[in-house]
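Asker: Next up is a structure, given as structure tokens.
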Amino acid sequence: MSRASENPSEPAADRGNGPAGSPSGGPAGSVRGRPAGILVIAVIVALEATALLVAAIWYGSQLVTGAPVLSFWGAVFTLGLLLVFAAWLVAVSTFLFRGYRWPRSGALVAQLFALTIGFPTMSGGYPLAGLALLVPAVTAIILLFDKRVIVFASRAGGAPPAL
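Going by our numbering, the first residue of the sequence shown is number 507, and it counts up by one from there.
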């Protein structure tokens, strides 16, 4: 009897054993092996990306209509940051849903940013807006450290063979 080769350069799906012991035994994209926590985190991050995109559209429309700003180029830079951060969160959400490991840290950083904005917002007289930032962030942080999420989201990107 011969054993299948365990070449680490091959993606886990090609070896036929799924992402790090997935119960489905299928590729990382299979729905059966994806824990619910991954779906919840991906939806939270996607909603945060959507909120940033809406804020960027509103900010840009205010900029175009001539709302007073202290520095025009500073406002353009802020608009660019909103758009870049929204695009980054879309990528984090998409690749976390697919089971890659690198978006876990990106999702954690985004949730820590939400916490640092949510606490002052809540204590500053806007409790509903603060809770809208805090509850999803805390939920995502807790789920990011769930064992099933860590096991599922452990797929490496893998580079193509050199030769």
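Using N, Cα and C, we set each Cβ at its ideal position, and we do this for glycine too.
(1) Beta-carbon within less than 8 Å of Ala561's beta-carbon, same chain only, minus the 5 sequence neighbours each way: which residues are those?
(2) Does DSSP put Tyr606 in a helix, a strand or coil?
(3) Give the list of continuous alpha helix (DSSP H) stretches no shorter than 4 residues that lie fully inside the stretch 589-659.
(4) If Leu558 and Ala581 are in contact, beta carbons under 8 Å, what's the gap, nearest whole angstrom?
(5) Terminal residues of the continuous alpha helix (DSSP H) containing Ala542?
(6) For Leu649, I'd like the list of residues in its chain whose CB is within less than 7 Å of its CB, leaving aside the five on either flank, ordered along the chain.
(7) Quick check: Thr645 and Ala635, are their CB atoms within less than 9 Å of each other?
(8) Please identify the residue among Val570, Thr556, Leu595 whose C-alpha is closest to the C-alpha of Leu614.
(9) Excluding the 5 residues flanking Leu576 on each side, which residues of the same chain have their C-beta closer than 7 Å to its C-beta?
(10) Taking the C-alpha atoms as reference points, what is the distance between Val549 and Ser599?
(11) Since I believe Pro541 is in contact with Phe658 (beta carbons under 8 Å), could you give me their beta-carbon distance rounded to a whole number of angstroms?
(12) Please report the Cβ distance between Leu640 and Gly630, rounded to the nearest whole angstrom; I am assuming they are in contact, meaning their Cβ atoms lie under 8 Å.
(13) If you check the beta carbons only, do Arg604 and Ala662 fall under 9 Å apart?
(14) Run the CB neighbour count on Gly539, radius 10 Å, all protein chains shown included, and call it buried at 16 or more, exposed below.
Answerer: Answer, in terms of the structure:
(1) Locating residue 561 in the sequence shown gives position 55, counting from the first residue. Taking C-beta separations shorter than 8 Å and ignoring five residues to either side along the sequence, the partners of Ala561 in its chain run Leu588, following chain order.
(2) The residue you call residue 606 lines up with position 100 of the sequence shown. Tyr606: strand per DSSP, three-state reduction.
(3) If we require 4 residues or more, the alpha helix (DSSP H) runs fully inside the stretch 589-659 come out as 608-629, 633-650, 653-658.
(4) Your numbering for residue 558 matches position 52 in the sequence shown. Your numbering for residue 581 matches position 75 in the sequence shown. So it is not a contact: roughly 16 Å between Cβ atoms.
(5) The count along the sequence shown starts at 1 and reaches residue 542 at position 36. First-last of the alpha helix (DSSP H) with Ala542: 542-570.
(6) As a working mapping, residue 649 is identified with position 143 in the sequence shown. Only Gly543, Val546, Ile547, Val655 meet the Cβ criterion.
(7) Here residue 645 corresponds to residue number 139 of the sequence shown, with the count starting at 1. Here residue 635 corresponds to residue number 129 of the sequence shown, with the count starting at 1. Taking 9 Å as the Cβ cut-off, Thr645 and Ala635 do not qualify as a contacting pair.
(8) For this step, residue 614 is matched to residue 108 along the sequence shown. Measuring from the Cα of Leu614, the nearest candidate turns out to be Leu595.
(9) Counting from one through the sequence shown, the residue named residue 576 turns up at place 70. If you ignore the 5 residues before and after Leu576, its C-beta comes within less than 7 Å of no other C-beta in its own chain.
(10) Start at 1 with the first residue of the sequence shown, and residue 549 comes out as number 43. Start at 1 with the first residue of the sequence shown, and residue 599 comes out as number 93. C-alpha separation (whole angstroms): 7 Å.
(11) By 1-based counting over the sequence shown, the position of residue 658 is 152. By 1-based counting over the sequence shown, the position of residue 541 is 35. Phe658 to Pro541, Cβ: 5 Å. Contact.
(12) Mapped onto the sequence shown, residue 640 falls at position 134. Mapped onto the sequence shown, residue 630 falls at position 124. Rounded, the Cβ-Cβ distance is 13 Å, inconsistent with contact.
(13) Position 98 of the sequence shown, counted from the first residue, corresponds to residue 604. Position 156 of the sequence shown, counted from the first residue, corresponds to residue 662. Ala662 sits away from Arg604, with the two beta carbons spaced by 9 Å or more.
(14) Position 33 of the sequence shown, counted from the start, is the residue given in the question as residue 539. Within 10 angstroms of the beta-carbon of Gly539 lie 16 or more other beta-carbons, which makes it buried.
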